[in-house]
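1069 is the number that my numbering gives to position 87 of the sequence shown; each next residue is one higher, with no gaps. The structure under discussion appears below in the form of structure tokens.
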Amino acid sequence: MLGLAVNDATAGYRAYSAAGLEQMQFESVQADGYGFQVEMTYRMVSSGGKIVEFPISFHDRTEGVSKMSGSIIQEALVLVMKLWLSDFRGRRRRRAEGR
């Protein structure tokens, strides 16, 4: 939906380029939970920074209680929609300006 050139926008095991991190405005990061990983990926890609992903094997939980809750899922959905709308509006504005 966001058109990110990564395999997994929620993966936490990755490296960001120093140049991309230097351009990022951390004070405007909105997400608190798992959405933070998606937002950081989106911001890095948008700023032209480079991301290197390190693949991991994920196995479903067999014991204990999941930390995933309805509020965490809702936060992530709302965040992705906000980022998508922001990107969509930006593309329309650039097209209208002839860029």
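Glycine included, each C-beta is placed from N, C-alpha and C at the ideal position. Since the structure is predicted, the reported quantities are computational estimates derived from the model, not experimental observations.
Taking C-beta separations shorter than 7 Å and ignoring five residues to either side along the sequence, the partners of Leu986 in its chain run Thr1023, Tyr1024, Val1027, following chain order.
Pairwise C-beta distances place the segment 1040–1047 out of contact with the segment 1002–1014, as fewer than three of them are shorter than 8 Å. Ala997: member of the beta strand (DSSP E) spanning 996–998, first to last residue. Boundaries of the beta strand (DSSP E) around Glu1035: 1033–1035. By the criterion of a C-beta distance shorter than 7 Å, Thr992 is surrounded in its chain by Tyr1016, Gln1019, Val1020, once the five residues flanking it on both sides are discounted.
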